[in-house]
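Before any comments, here is the structure.
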Amino acid sequence: MSDELNNLTNILEQVYTKYTNNEYILSRIKSHITNLENVVETENKKNDDRIIKYNELTSEQENFCKVFLNKHQYYHMPYSLFFYEYDTKHYRIISEDEIQHTLLTALTNQPKLSQWKHKTKQMIIKQIKESCLLKSTPESYTIQNVINIFSSVFESKIHTKYFLTLIGDCILKKCLENKYFINQHLKKMVTLIDEICHITSGIKVINNFITKYHENHKLVDYRLIKPSSNFVVNDIITDIISNYGIDIICVACYYSDKYENSDNYISNICDDKTIQSKIMYFKHNSSEEYILTQFTSEYIIQTNNNEATITWKNLHYLWFHFLNANGLPNVIYSDKLKELLVKKYSTINNNNQEINNTNTNINININTIFYGITSKYLPSISNFLKFWEKYIYIQNQDHETILDQYDVDELILLYKSVNKNVSISEKELINIIKHYFCDTENSIKIIDSKNIIGIHCYLWNKQQDIKDFLNDYKLGTDDKEPIISFGDLYNSYKAYFKAKSTIDCKQYYIINKNYFDAFIHKYLSEYILYGMFVSCDWFTSNNKL
Numbered sequence: 001m002s003d004e005l006n007n008l009t010n011i012l013e014q015v016y017t018k019y020t021n022n023e024y025i026l027s028r029i030k031s032h033i034t035n036l037e038n039v040v041e042t043e044n045k046k047n048d049d050r051i052i053k054y055n056e057l058t059s060e061q062e063n064f065c066k067v068f069l070n071k072h073q074y075y076h077m078p079y080s081l082f083f084y085e086y087d088t089k090h091y092r093i094i095s096e097d098e099i100q101h102t103l104l105t106a107l108t109n110q111p112k113l114s115q116w117k118h119k120t121k122q123m124i125i126k127q128i129k130e131s132c133l134l135k136s137t138p139e140s141y142t143i144q145n146v147i148n149i150f151s152s153v154f155e156s157k158i159h160t161k162y163f164l165t166l167i168g169d170c171i172l173k174k175c176l177e178n179k180y181f182i183n184q185h186l187k188k189m190v191t192l193i194d195e196i197c198h199i200t201s202g203i204k205v206i207n208n209f210i211t212k213y214h215e216n217h218k219l220v221d222y223r224l225i226k227p228s229s230n231f232v233v234n235d236i237i238t239d240i241i242s243n244y245g246i247d248i249i250c251v252a253c254y255y256s257d258k259y260e261n262s263d264n265y266i267s268n269i270c271d272d273k274t275i276q277s278k279i280m281y282f283k284h285n286s287s288e289e290y291i292l293t294q295f296t297s298e299y300i301i302q303t304n305n306n307e308a309t310i311t312w313k314n315l316h317y318l319w320f321h322f323l324n325a326n327g328l329p330n331v332i333y334s335d336k337l338k339e340l341l342v343k344k345y346s347t348i349n350n351n352n353q354e355i356n357n358t359n360t361n362i363n364i365n366i367n368t369i370f371y372g373i374t375s376k377y378l379p380s381i382s383n384f385l386k387f388w389e390k391y392i393y394i395q396n397q398d399h400e401t402i403l404d405q406y407d408v409d410e411l412i413l414l415y416k417s418v419n420k421n422v423s424i425s426e427k428e429l430i431n432i433i434k435h436y437f438c439d440t441e442n443s444i445k446i447i448d449s450k451n452i453i454g455i456h457c458y459l460w461n462k463q464q465d466i467k468d469f470l471n472d473y474k475l476g477t478d479d480k481e482p483i484i485s486f487g488d489l490y491n492s493y494k495a496y497f498k499a500k501s502t503i504d505c506k507q508y509y510i511i512n513k514n515y516f517d518a519f520i521h522k523y524l525s526e527y528i529l530y531g532m533f534v535s536c537d538w539f540t541s542n543n544k545l
């Protein structure tokens, strides 16, 4: 007999002994004991029913939670305290009130859970708060849409996936020793992504990106991120990233988790060896000697003819040309580069002093000559410099105006008009101008890698073209409208020079609309109405431009 049964028996004996002379109590004890089995069975049934109901409600609650959270994919970020909804296509911020409204509406249609309505709501909100946005799994539609966003940014899908994976690494704090080298255009885009990351997670991904080399960095940690050659950040890219920023972050974290990290993706999963070698260039080639050897082997031709020479200014440009062509940062500072090249090649300075390994302390300036070497890239540079010297005039800073400018494509057009067989890209032209002419002594400015301000070309007087047109237009139009729009005036200007080209059998260049409008604002400012119309008062006046 168990101890528990003994205890119960003892209790019964004590009660019976206590009331042994009380017939009423004894009869009640007898009655209770006689009915005890029925009472126990009733209580047992009630308990079984209660357990069954609890299990049914629990099962109903679990099923409801699964269905609701599967149908409504909600996530949360502890840093921002924001809630997010994913509709299998895009992520968006959603308020907790909106979630609760949707949840309570769904619970209203579940009468079995009416008693557990509040409890179920709290359970689901708790589960949502434990569902981190960065651990969500985007659908293929979202992934493909994000990849398409970057189709104009990078040259291939591999580059895009690598970039997204490394963004995920930065957010999830992986490979923090890596430094991702990017140009200024990519930096603008990364800054936009960084702002969204910081608002969402509190993490600054921009800290892992650099635009120039620093001596305290280890080259082996550099990764090269090169965009498409024609990529620039514009309003369209800005709007797309702003609208789909959360999608980008989630896909980035998904890739980082899927591929372990960006280094693993590019080294072990990517099967394009060319892309691998370019991105991981410094991981395998981190010495100055190797980089300099690659430069000299690709750009310098040694010869026994000492009449073959390159000035330091030109050699320095070739170095930058090499860096730009390979998407490399300038990892060898100018003084160090001079020292290494002087050790490698025979050199004289402008005082006809020979510089060699024993007297490298002699001053090296832009006129210092390296002899016995040449480069296949020199003719194109030399041709453009001759063109510039002959046809380009740099305006005095005090007299410079907004109209003293030429677009890059206009300069290329003019350059090719006197050098029929040359080929030069917009990027190369900009780099030459920056290297040779954009210094503290000159007033030349380059805006958005497109407009060169502060110059005049003798081959094309843009202002005089507009003056000639306006003066002829003024004389040749009898019936003047009260006002004429800038747009109509510009269309007439284009038609005028098209006809003039046919009559004169000569090519006339067409000025772009922005320049034309700027000219009108400068010279006809007192006749401008509503900001975009010219009054007929000028056409009937005796004023001549």
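Using UniProt numbering, the letters of the sequence shown correspond one by one to residues 1 to 545.
Just so it is clear, CB atoms sit at the ideal spot from N, CA and C, and this is done for glycine as well.
Computed from a predicted model, the values in this text were never measured in an experiment.
Local Cβ density within 10 Å of residue i, reported as buried at 16 or more and exposed below that
| i | result |
| --- | --- |
| L103 | buried |
| D271 | exposed |
| Y255 | buried |
| H76 | buried |
| I225 | buried |
| D404 | buried |
| T360 | Per-residue confidence for T360 stands at a pLDDT of 48, beneath the threshold of 50, marking its modelled position as unreliable; no derived number is given. |
| H101 | exposed |
| S334 | exposed |
| V39 | exposed |
| H321 | buried |
| C132 | exposed |
| G487 | exposed |
| M189 | buried |
Identified DSSP bridge partners for residue i
| i | result |
| --- | --- |
| V534 | I484 and I528 |
| R223 | Y180 |
| T309 | Y371 |
| E60 | Bridge partners of E60: none, in fact. |
| E447 | The sequence given here places Ile at residue 447; Glu does not occur at that position. Bridge partners of I447: N451. |
| R92 | E85 |
| Q276 | Answer is none; Q276 lacks a bridge partner. |
| D407 | N451 |
| F154 | Per DSSP, none; premise fails for F154. |
| W460 | C457 |
Continuous beta strand (DSSP E) stretch holding residue i: start and end
| i | result |
| --- | --- |
| H76 | Q73 to M77 |
| Y393 | I392 to I394 |
Pair within 8 Å by beta-carbon distance, residue i and residue j
| i | j | result |
| --- | --- | --- |
| F154 | S267 | no |
| F83 | E96 | yes |
| I332 | E288 | yes |
| F68 | A106 | yes |
| K121 | E60 | no |
| T311 | I373 | no |
| S492 | Y515 | no |
| T165 | S277 | no |
| S152 | F231 | yes |
| I143 | I193 | no |
| I483 | C536 | yes |
| N208 | N183 | no |
| I279 | Y406 | no |
Close Cβ partners of residue i (< 7 Å) along its chain, the five nearest in sequence each way excluded
| i | result |
| --- | --- |
| C253 | L134, G168, I171 and L172 |
Own chain partners of residue i with C-beta closer than 6 Å, once the 5 adjacent residues on each side are dropped
| i | result |
| --- | --- |
| E426 | V408 |
| N357 | At N357 the pLDDT is 48, less than 50, meaning the model places this residue with poor confidence; the figure from the coordinates comes in the next sentence. Answer for N357: K343, listed in chain order. |
| I432 | F384 |
Boundaries of the alpha helix (DSSP H) in which residue i is found, first to last residue
| i | result |
| --- | --- |
| N145 | S140 to I149 |
| Y244 | D235 to K258 |
| Y515 | K513 to Y523 |
| I117 | It should be pointed out that residue 117 corresponds to Lys in this sequence rather than to Ile. Element bounds for K117: K117 to K129. |
| S297 | E288 to Y299 |
Contact set for residue i: own chain, Cβ-Cβ below 8 Å, skip 5 residues either direction
| i | result |
| --- | --- |
| Y244 | H90, N145, V146 and I149 |
| S423 | S380 |
| I128 | L69, Y74, Y75, H76, F83 and I99 |
Residue i: CB within 7 Å of a non-hydrogen atom of the ligand GTP
| i | result |
| --- | --- |
| T309 | By its list of ligands, the structure shown contains no ligand whatsoever, and the ligand GTP lies outside what it can speak to. |
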